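Residue numbers (my numbering): 3 to 529.
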């Protein structure tokens with residue numbers, strides 16, 4: 003028997019030779035001036051040779067050429083099925099004994115296993131014909147199903163297989179044998195079923211029920227939001243912020259039957275930003291307190307006038323048994339004092355609760371060495387001198403020359419409970435102020451050129467001390483006045499003011515309270 007590969011090669015060469023003979027004969031006869039009928043006869047003879055079925059497989063020569071099969075062998079791929087039957091009936095590849103490449107010959111698929119020789123998976127299940135016949139021993143023409151059916155009860159929950167969402171309420175999914183993780187999504191007011199690891203065997207149908215357990219969720223409410231302060235003033239607010247103290251204590255009650263988790267309380271004052279605080283959880287029928295200090299922009303104090311009322315918004319977010327609950331909102335009114343207001347009751351409360359701080363310390367909040375108008379006057383007045391005592395005198399005179407003078411306070415802070423202190427720029431602009439206004443202005447100017455200061459408080463009055471060469475000097479700032487010109491020189495009131503300061507302190511030594519500016523700033527009382 004001739005080797006199949008050699009036979010195939012000979013067949014291809016024979017096809018080519020026949021075609022060349024036919025073409026050569028036709029051309030030769032045309033050139034020899036044969037008559038038209040003779041040429042036609044010759045051509046028909048050539049065509050006859052071409053369409054001959056040499057091997058009797060019901061494929062003529064052109065078809066053999068098209069399918070790359072042998073013209074001398076009826077079964078080119080030696081699979082037991084003739085080339086013509088493969089092409090015309092089975093539509094398989096006559097030159098390939100395993101058309102679908104499933105490791106089963108076309109002959110066995112057609113005659114032995116009755117499977118589709120054009121598909122490696124005749125029944126369209128998850129397993130190929132070869133795998134079913136030789137590994138599992140199942141029928142390759144009947145679907146072999148490994149299936150997981152999952153149903154949630156009594157509610158429709160999301161179902162996940164190996165972390166991928168498959169459906170809601172009930173799913174039926176075909177899978178290959180193996181181990182899979184079944185998980186369930188959250189449903190409000192229900193405990194989710196525990197995740198499960200399941201092992202699916204070949205041909206097995208596994209039914210799983212995910213039972214959701216109902217519960218009464220936690221139910222949070224904002225019971226109260228309390229502050230020790232009558233409202234929010236700039237000086238007091240700066241103290242709270244700089245010392246990381248909490249302005250409000252918000253009480254939250256859990257009125258439900260389950261614990262509340264991941265509790266977040268957010269607060270925002272009208273015109274400000276949201277600030278959030280959190281606690282881990284609140285047990286059923288318990289209360290918890292969260293301290294908060296809302297973010298208050300400086301312009302809110304600027305626009306408040308003497309005082310105004312703003313809304314403080316509170317928003318409560320939490321989860322119960324892993325399920326996020328609807329948030330709770332509340333709004334409370336909050337008094338906002340203007341930039342000049344100093345509520346005396348609030349400063350007294352802070353002084354009584356915080357050791358080392360005095361209610362008078364809050365006046366130092368208004369001492370501002372960075373005020374551009376103050377810095378300009380102080381710098382121009384002290385140009386050319388490094389002597390601190392000389393600086394104090396020159397600034398005193400410069401403020402007098404600017405037109406600043408003492409004006410009795412039209413407000414009675416003891417009667418209203420609120421003192422109003424002008425900013426240094428306001429006092430310069432108005433060219434006047436009461437004792438605390440002038441003391442703040444003068445101290446701001448001295449601090450701007452590096453001279454340390456203190457405010458000396460006695461009943462119903464305040465004046466200034468400044469340090470020169472380690473020694474404190476006292477000065478009555480209500481005596482600021484422009485120097486008087488004489489024929490020979492200008493007479494400054496600086497010496498009289500310092501003398502008066504000493505006298506005032508001596509007379510009130512037992513009741514005087516000295517507040518070092520730098521110490522007050524270090525305590526967080528600073529703008």
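Even glycine gets a Cβ: it sits at the ideal position worked out from N, Cα and C.
Quick caveat, the model's predicted, so the values are computed rather than measured.
(message) I'd like the span of the alpha helix (DSSP H) that includes residue 515, first residue to last.
(response) Segment 515 to 518 is the beta strand (DSSP E) holding residue 515; no alpha helix (DSSP H) there.
(request) Using only alpha-carbon positions, find the residue among 254, 316, 305 that is nearest to residue 290. (result) Here the closest residue by C-alpha is 254.
(message) Residues in the same chain with beta-carbon distance under 8 Å from residue 148, minus the five sequence neighbours each way, listed in chain order, please.
(response) Hits under 8 Å: 128, 176, 177, 178, 179, 202, 203, 204, 205, 206, 207.
(request) Scan the region 268 to 333 and note each continuous beta strand (DSSP E) run of 3 residues or more that stays entirely inside, going in chain order. (result) The region 268 to 333 contains these whole beta strand (DSSP E) runs: 277 to 284, 289 to 294, 309 to 322.
(request) Rounded to whole angstroms, what's the CA-CA distance from residue 345 to residue 308? Just pull it up for me. (result) One Cα belongs to residue 345, the other to residue 308, and the distance between them is close to 11 Å.
(message) For a test of the three-state rule: what should DSSP assign to residue 115, helix, strand or coil?
(response) Reduced to three states, the DSSP call for residue 115 is coil.
(request) Indicate the three-state DSSP secondary structure (helix, strand or coil) for residue 2 in the structure shown. (result) Within the shown structure, residues of the chain are numbered from 3 to 529, placing residue 2 beyond reach of any answer.
(request) Could you round the C-beta distance between residue 131 and residue 144 to whole angstroms and report it? I think they count as a contact, below 8 Å. (result) Actually they are not in contact, since the Cβ atoms of residue 131 and residue 144 sit about 12 Å apart, beyond 8 Å.
(message) Restricting to runs no shorter than 3 residues, where is the beta strand (DSSP E) found entirely within the region 65 to 120?
(response) Those beta strand (DSSP E) runs which fall completely within the region 65 to 120 and span 3+ residues do not exist here.
(request) For the beta strand (DSSP E) holding residue 397, just list the boundary residues, first then last. (result) Counted as a single uninterrupted DSSP element, the stretch harbouring residue 397 is not any beta strand (DSSP E) but the alpha helix (DSSP H) occupying residues 390 to 404.
(message) As a quick exercise: from 407, 295, 384, pick the residue whose alpha carbon is nearest that of residue 230.
(response) Here the closest residue by C-alpha is 295.
(request) Please report the residue range of the alpha helix (DSSP H) in which residue 176 lies. (result) Taken as a continuous stretch (DSSP letters only), residue 176 belongs to no alpha helix (DSSP H), being part of the beta strand (DSSP E) at 172 to 176.
(request) Could you say which of 186, 78, 363 lies nearest to residue 161 if we only look at CA atoms? (result) Closest by C-alpha distance to residue 161, out of 186, 78, 363, is 186.
(message) Judging by CA-CA distance, which residue of 463, 375, 527, 343 is the nearest neighbour of residue 418?
(response) The option with the nearest alpha carbon to residue 418 is 343.
(request) Less than 8 Å between the CB atoms is what I'm expecting for residue 337 and residue 232, so what's the real figure, rounded? (result) Sure, about 7 Å apart at Cβ, within 8 Å.
(message) Once the 5 residues before and after residue 173 are set aside, which same chain residues still bring their CB inside 6 Å of it?
(response) Hits under 6 Å: 152, 161.
(request) Specify the secondary structure class of residue 140 as computed by DSSP and reduced to three states. (result) It is coil, neither helix nor strand.
(request) Could you tell me if residue 68 is buried or exposed, where buried requires 16 or more neighbouring beta carbons within 10 angstroms of its beta carbon? (result) Taking all protein chains shown into account, residue 68 has fewer than 16 neighbouring C-beta atoms within 10 Å of its C-beta and is therefore exposed.
(request) May I ask you to report which of helix, strand or coil DSSP gives residue 146? (result) Residue 146: coil per DSSP, three-state reduction.
(request) For the beta strand (DSSP E) containing residue 251, list its first residue and its last residue. (result) Start and end: 250 to 256.
(message) Looking at the secondary structure, which residues open and close the beta strand (DSSP E) in which residue 225 lies?
(response) That run of the beta strand (DSSP E) goes 222 to 228.
(message) What residue range does the beta strand (DSSP E) around residue 421 cover?
(response) First-last of the beta strand (DSSP E) with residue 421: 420 to 422.
(request) Would you kindly check if the distance between the Cβ of residue 281 and the Cβ of residue 292 is under 9 Å? (result) Yes.
(request) Spell out the partners DSSP gives residue 490 in its beta bridges. (result) In DSSP, residue 490 forms no bridge with anything.
(message) Taking 6 Å as the limit between beta carbons, can you name the residues of its chain near residue 93, skipping five residues before and five after?
(response) Nothing listed; no residue qualifies.
(message) Given a cut-off of 9 Å on the beta-carbon distance, is the pair residue 394 and residue 468 in contact?
(response) Taking the C-beta atoms as reference points, residue 468 is found nearer than 9 Å to residue 394.
(message) Three or more C-beta pairs under 8 Å: does that hold for the region 475 to 486 against the region 430 to 448?
(response) Because the criterion of three Cβ pairs below 8 Å is met, the region 475 to 486 and the region 430 to 448 touch.
(message) Output needed for residue 373: all residues of its chain with C-beta closer than 8 Å, excluding positions within five of it in sequence on either side, in chain order.
(response) Excluding sequence neighbours, residue 373 sits near 425, 426, 427, 446, 450.
(request) Taking 8 Å as the threshold, find out whether the region 347 to 354 comes into contact with the region 398 to 408 through three or more Cβ pairs. (result) Touching, no, given that fewer than three Cβ pairs across the two stretches are closer than 8 Å.
(message) Beta-carbon within less than 6 Å of residue 301's beta-carbon, same chain only, minus the 5 sequence neighbours each way: which residues are those?
(response) Here the set comprises nothing.
(message) Taking 7 Å as the limit between beta carbons, can you name the residues of its chain near residue 329, skipping five residues before and five after?
(response) Here the set comprises 317, 318, 319.
(message) If you follow the alpha helix (DSSP H) that residue 503 is in, where does it begin and where does it stop?
(response) In the DSSP assignment, residue 503 falls within the alpha helix (DSSP H) that extends over 496 to 509.
(request) Could you tell me which residues DSSP pairs with residue 215 in its beta bridges? (result) Under the DSSP definition of a beta bridge, residue 215 partners with 193.
(request) Could you check what DSSP says for residue 168 in three-state terms: helix, strand or coil? (result) When DSSP states are grouped into helix, strand and coil, residue 168 belongs to the strand group.
(request) Give every residue of the same chain whose Cβ lies closer than 6 Å to the Cβ of residue 377, excluding the five residues on either side of it in the sequence, and list them in chain order. (result) In chain order, 450 place their CB closer than 6 Å to the CB of residue 377, counting only its own chain and leaving out the 5 sequence neighbours on each side.
(message) Suppose contacts are defined by Cβ-Cβ distances below 9 Å. Is residue 526 in contact with residue 243 by that definition?
(response) The answer is yes: Cβ separation under 9 Å.
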